[in-house]
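Residue numbers (the numbering used here): 1 to 154. Structure first, then comments.
Below, the structure is given as C-alpha cells:
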C-alpha cells in the first residue's frame, strides 16, 4: 500500500534557522564560498538571506526540472565556476537529487570547488549534498513541504 503524501508549511523562522545551521556547518568544515549560486526558484530566497548573512555575492541559475521540460541553460553556472574558486549552490530542498545531480554532471572542467546546500535534505536522495538545515526521510515520511514564497498570497 502506497503512503499518502501530506503537506507541511515551512516557516520563515525554520528557513532562517536552517541558514544558520548551514553557515555553522560551512565554518566547521573550514570552507566558505566566494559566491552563492541559487537555483531558481526555490533556492533564491534562501540564497539571498545567506548572501546577506555572510556578505558574499549572489547569482541565480535557472533550473526547473519538476514543472519544466526545457533543457536548462547552464551558461551562468559555467561562467561562475570559471571566475570563482569556491561556489555554494543552494536550493530549498534536495528531494530526489535530480537538480543537484544534473548540475554536478554538467559542470565544465574547472578548478572551482563546488559545494551543495539545501534547507531540507532527503536522506534517500540520489545526490549527496554538503550542508543542510534539516534531514528527512521521504521513504518513511512522504511529506510535501510548502515554503513561504510558494503561498504568501493565500
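Just so it is clear, CB atoms sit at the ideal spot from N, CA and C, and this is done for glycine as well.
DSSP lists 117 as the beta-bridge partner residues of residue 131. A straight line joining the alpha-carbon of residue 27 with that of residue 115 spans about 13 Å.
Rounded to whole angstroms, the gap between the alpha carbons of residue 100 and residue 113 is 15 Å.
The beta carbons of residue 10 and residue 145 sit about 5 Å from each other, so the pair counts as a contact at 8 Å.
Of the candidates 60, 24, 72, the residue whose Cα lies closest to the Cα of residue 53 is 24. Out of 93, 55, 31, the CA that lies nearest to the CA of residue 39 is found in 93.
The beta carbon of residue 136 lies closer than 8 Å to those of 120, 121, 122, 123, 143 in the same chain, with the five residues before and after it left out. Relative to the Cα of residue 29, the nearest Cα in the group 141, 131, 149 belongs to 131.
In this structure, DSSP gives residue 78 a helical state, which the three-state scheme calls helix. Distance from the Cα of residue 106 is smallest, within the candidate group 6, 76, 84, for 76.
When only Cα atoms are considered, residue 33 and residue 128 end up about 18 Å apart.
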